[in-house]
Amino acid sequence: MAGHALAPILSPSVRKGGYRLVETYSLILTPVERYIPEIKAGFTFDGASIPTFTGLTWALTYSPFDPIVMRAALLHDYLCVMQPAQITPKMAAQAFRTMLIEDGAAPWKANLMYRAILLAGPKW
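Just so you know, our numbering puts 79 at position 78 of the sequence shown, and the rest follows in order with no gaps.
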């Protein structure tokens, strides 16, 4: 997946613990290269939905609002909400993992988070 050169511009949303996209954000997903999601300004999301057991999961991965996960979480939440026909839940998880690595995540952590999404993440 080719990512966007710039980080999305976000602001805290009125929704507790969430963020709102300030400007429309676009990027190209390589699993379906002709699919270019355009996430409209105003879209809200809750960071990375990482379940935690007394902080253990965050110690192994990242906190929900770590800068490394924000772009990937924005994209994944958008895909889960929109459920585009040409993108499967597995493709959305793969895009999440790829974007984590692009944004500086350790590959083993990105793979751990990818597997967690496959196991317990949204399906459509």
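Virtual Cβ for every residue (Gly too), placed ideally from N, Cα, C.
Do you know whose CA, among A49, P13, Y79, lies nearest A111's CA? If you number the sequence shown from 1, residue 111 lands on position 110. It is A49.
Report the start-end ranges of each alpha helix (DSSP H) in the stretch 33-118 that is 4 residues or longer and not cut off at the edges. 57-61, 68-83, 90-103
Of the residues H77, K41, M114, P13, which one's Cα is nearest the Cα of A93? If you number the sequence shown from 1, residue 93 lands on position 92. A93 has its Cα closest to that of H77, out of H77, K41, M114, P13.
Would you list the residues sitting across from S12 in a DSSP beta bridge? In the sequence shown, the residue the question calls residue 12 occupies position 11. In the DSSP output, where bridge partners are listed per residue, S12 has R21.
P90 and G122 look like a contact to me (Cβ under 8 Å); what is the Cβ gap, rounded to whole Å? Walking along the sequence shown from the start, residue 90 turns up at place 89. Walking along the sequence shown from the start, residue 122 turns up at place 121. The pair is a contact, with the Cβ atoms about 7 Å apart (cut-off 8 Å).
Rounded to a whole number of angstroms, what is the C-alpha to C-alpha distance between A106 and S64? Against the sequence shown, residue 106 aligns to sequence position 105. Against the sequence shown, residue 64 aligns to sequence position 63. Rounded to the nearest angstrom, the two C-alpha atoms are 12 Å apart.
Output yes or no for whether 7 Å exceeds the beta carbon distance between F46 and L28. Indexing the sequence shown from 1 puts residue 46 at position 45. Indexing the sequence shown from 1 puts residue 28 at position 27. Result no, Cβ atoms of F46 and L28 do not sit closer than 7 Å.
Using only the alpha-carbon positions, how far apart do I10 and R21 sit? Counted from its first residue, the sequence shown places residue 10 at position 9. Counted from its first residue, the sequence shown places residue 21 at position 20. Looking at the two C-alpha atoms, the distance is approximately 9 Å.
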